[in-house]
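No gaps in the numbering here: position 20 of the sequence shown is 134 in the numbering used here, and each next residue is one more.
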Amino acid sequence: MKIIHNTLTFFSEEETFVTIGTFDGVHFGHQKIIEKVVSEAKEANKKSVVLTFFPHPRMVLQKDVSVKLINTIDERAVLLEKTGLDYLIIHPFSKEFSKMTALEFVRNILVDQLNISKLIIGYDHHFGKNREGNITQLTEYSHVYDFKVEEIPAQDIDEVSVSSTKIRSALNAGDLKTANHYLGYFFMLTGTVVNGKKLGGKIGFPTANIHIEESYKLIPKNGVYVVKSFIENQSVFGMMNIGNRPTVDGNYQTIEVHFFDFNQNLYGQKITVELMYFLRDEKKFDSIELLAIQLKKDEQNAKTHLQNNL
């Protein structure tokens with residue numbers, strides 16, 4: 115899969131089959147749509163394309179800082195690559211771009227830039243200035259510019275929407291089982307390992323403190339999780355705490371991972387942590403000693419879970 119960061123830099127001599135959307139989560143419902151695009155494109159000897167936009171339109175048009183996405187744009191790209199897609203186009207979304215009319219979008223982007231042969235799109239898709247464009251207009255323009263439009267059934271689109279809502283709600287509630295079920299993979303957090311206060315090391319549980327740069331990334335409910343990472347070509351398991359560290363009067367959220375049987379310096383490295391299981395809520399202990407006792411219990415519970423589920 116090739117990643118293109120602007121439609122202006124895209125070029126394909128072969129015609130394309132395109133779908134458009136945010137595809138946040140790249141969950142089962144999204145995968146069903148993208149697999150359809152990929153398989154139909156291959157059958158017709160065309161190239162498959164997902165056209166998405168970043169930043170999220172709500173971040174630009176409404177300055178909505180409350181927008182929380184299941185994936186960062188980089189995580190989304192990694193997941194989309196697994197679908198067998200030929201091209202992922204991440205077009206920059208701006209106020210200027212939002213003023214493009216529906217006709218201009220179809221003519222200038224889909225036809226002139228993407229060399230479109232077929233558009234596979236949902237019944238409720240709106241596009242162009244003031245979201246004026248819809249499936250009816252797309253069908254009209256398709257006759258003018260000689261491309262096909264295939265409408266994704268309402269049932270499938272509604273399934274996508276419901277799944278995304280359920281995933282976000284589940285993550286906010288610490289219901290990792292439901293979230294991972296709908297995703298079809300383990301929810302992930304990706305960030306850079308930074309220096310912490312090194313308290314964990316003093317009580318026998320050294321941690322990698324993960325800084326997530328993307329403020330729009332959804333962080334699940336505070337608590338302790340069983341996790342997995344892939345570091346230097348090996349799977350490494352551990353437990354992770356998301357929270358404010360109330361036992362030491364912490365006043366901001368941190369993400370700290372203690373890896374089992376692993377003692378390498380990770381400072382400055384970007385790692386992805388997959389959340390496998392929710393162990394417990396965050397809790398304030400009366401002393402550091404009591405916290406250390408609980409962490410030993412957490413480690414045992416985490417290892418038991420791994421033994422029973424791997």
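The beta-carbon is built from N, C-alpha and C at its ideal position, and this holds for glycine as well.
Keep in mind the model is a prediction, meaning the values are calculated, not measured.
With DSSP collapsed to three states, give me the class of residue 205. strand
State the Cα-Cα distance for the pair residue 167 and residue 187, rounded to the nearest angstrom. Rounded to whole angstroms, residue 167 to residue 187 spans 10 Å at the Cα level.
Any heavy atom of the ligand NAP closer than 7 Å to the CB of residue 424? Questions concerning the ligand NAP fall outside what the structure shown contains, since it holds no ligand whatsoever.
Please report the distance separating the alpha-carbon of residue 300 from that of residue 278. 15 Å
Nearest to residue 288 (by Cα), restricted to the options 333, 326 and 130: 333
If you drop the 5 nearest sequence neighbours on each side, which residues of the same chain put their C-beta closer than 6 Å to that of residue 416? 340 and 353
Quick one: Cα of residue 224 to Cα of residue 394, how far? 49 Å
Between the Cα of residue 218 and the Cα atoms of 235, 194 and 251, which residue gives the shortest distance? If we check each option's Cα against that of residue 218, 251 comes out closest.
Three-state secondary structure assigned by DSSP to residue 309: coil
Just to confirm, is the Cβ distance from residue 140 to residue 193 under 8 Å? yes
Alpha carbon of residue 204 to alpha carbon of residue 121, nearest angstrom: 8 Å
I think residue 202 touches residue 115, with their Cβ atoms under 8 Å apart; what is that distance to the nearest whole Å? Their Cβ separation, rounded to whole angstroms, is 6 Å, which keeps residue 202 and residue 115 in contact under 8 Å.
Which value, in whole angstroms, describes the spacing of the CA atoms of residue 191 and residue 117? Going by the C-alpha atoms only, they are around 8 Å apart.
Return the CA-CA distance between residue 383 and residue 304, expressed in angstroms with no decimal places. 11 Å
Excluding the five sequence neighbours on either side, which residues of its own chain have a C-beta within less than 6 Å of the C-beta of residue 350, listed in chain order? 343, 373 and 376
Give me the Cα-Cα distance between residue 177 and residue 133, rounded to the nearest whole angstrom. Looking at the two C-alpha atoms, the distance is approximately 26 Å.
Please state the DSSP three-state secondary structure of residue 359. Assignment of residue 359 by DSSP, reduced to helix, strand and coil, places it in the coil class.
Nearest-angstrom beta carbon gap, residue 160 and residue 231 [assumed within contact, 8 Å]: 5 Å
Out of 200, 172, 145 and 391, which one is the CA nearest neighbour of residue 126? 200
Tell me which same chain residues have a C-beta within less than 6 Å of the C-beta of residue 355, skipping the five on either side of it? 338 and 370
Rounded distance between the beta-carbons of residue 298 and residue 406, thought under 8 Å: That pair is no contact at about 37 Å.
Note down the Cα distance separating residue 265 from residue 185, rounded to an integer number of angstroms. 26 Å
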